[in-house]
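Take a look at the structure set out below.
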Amino acid sequence: EGQWGKYLTGTRLRWESIVLAGQSQGGGMAAFIAKRERVARVIIFSGGWDMDAQGQIAGWYRMPSATPPELWYATYHVEEKQAKTMEEIYRALGLPPENVKPLDLPVHGNTAHGDGIHNPAYKAWWVKALGQGLD
């Protein structure tokens, strides 16, 4: 049906075979899981804005990661209101600078937040971030 068995061992997920990706809060959730589980890749689209009670970047972003840094990819549009915050968070996560893509083409649609997932001009970056299977 979908050969889902390759992603399971019994009833447990085989995280190392799974690519996580998410937009906005979904990107933050992908990052949160990838900190705790070693995944094939993690792709954050304009996501991760968790703050502590003092308004600082949440401490979990700086925690050691089960997923190696070279398997993390992130993007945001430079016109997003939270662009600077996302830059700081991606640094706190320890992402290699070459795996972070600040998008700067004219916004395709109504808002810069979300342009990274629906503007076909970024297809080459999507393919790079997703990789060729488990490469």
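Sequence positions in the sequence shown follow this note's numbering and run 4 to 138. For each residue, glycine too, the CB sits at the ideal point set by N, CA and C. Model, not experiment: these values are computed from the prediction.
Coil, strand or helix - residue i by DSSP
{"i": "Arg44", "result": "strand"}
{"i": "Val81", "result": "coil"}
{"i": "Met89", "result": "helix"}
{"i": "Gln28", "result": "helix"}
{"i": "Val110", "result": "coil"}
{"i": "Asp138", "result": "With a pLDDT of only 47 at Asp138, under the threshold of 50, the placement of this residue in the model should not be trusted, and no figure is reported."}
{"i": "Pro71", "result": "coil"}
{"i": "Leu23", "result": "strand"}
{"i": "Leu133", "result": "helix"}
Residues bridged to residue i (per DSSP)
{"i": "Trp76", "result": "The sequence shown places Tyr at residue 76, not Trp. DSSP lists Ile46 as partners of Tyr76."}
{"i": "Arg15", "result": "Thr12"}
{"i": "Ile60", "result": "Met54"}
{"i": "Val103", "result": "Ala77"}
Buried/exposed call for residue i, threshold 16 Cβ in 10 Å
{"i": "Asp138", "result": "Interpretation of Asp138 is limited by its pLDDT of 47, a score under 50 that renders its predicted location unreliable; no figure is taken from the coordinates."}
{"i": "Asp107", "result": "exposed"}
{"i": "Ala81", "result": "Looking at the sequence provided, one finds Val at residue 81 rather than Ala. Exposed, since its Cβ has fewer than 16 Cβ neighbours within 10 Å."}
{"i": "Asp142", "result": "Given a span of 4 to 138 for the chain in the structure shown, any question on residue 142 remains unanswerable."}
{"i": "Gly13", "result": "exposed"}
{"i": "Ala33", "result": "buried"}
{"i": "Leu11", "result": "exposed"}
{"i": "Ala124", "result": "exposed"}
{"i": "Glu83", "result": "buried"}
{"i": "Gly119", "result": "buried"}
{"i": "His121", "result": "exposed"}
Among the options, nearest to residue i - alpha-carbon criterion
{"i": "Thr88", "options": "Tyr10, Trp129, Gly31", "result": "Gly31"}
{"i": "Asp53", "options": "Leu96, Thr78, Trp128, His111", "result": "Leu96"}
{"i": "Glu40", "options": "Ile120, Trp75, Asn102", "result": "Trp75"}
{"i": "Leu133", "options": "Ser49, Leu98, Pro100, Leu23", "result": "Leu23"}
{"i": "Val130", "options": "Val42, Ala77, Lys38", "result": "Ala77"}
{"i": "Pro99", "options": "Ile46, Gln59, Arg17, Gln26", "result": "Ile46"}
{"i": "Ala127", "options": "Val110, Lys104, Ala115, Arg65", "result": "Lys104"}
{"i": "Ser68", "options": "Pro109, Ile36, Gly5", "result": "Ile36"}
{"i": "Glu19", "options": "Ser27, Lys9, Gln26, Gln28", "result": "Lys9"}
{"i": "Ser27", "options": "Val42, Ala43, Gly50", "result": "Gly50"}
{"i": "Trp63", "options": "Pro72, Asn102, Lys38, Glu73", "result": "Lys38"}
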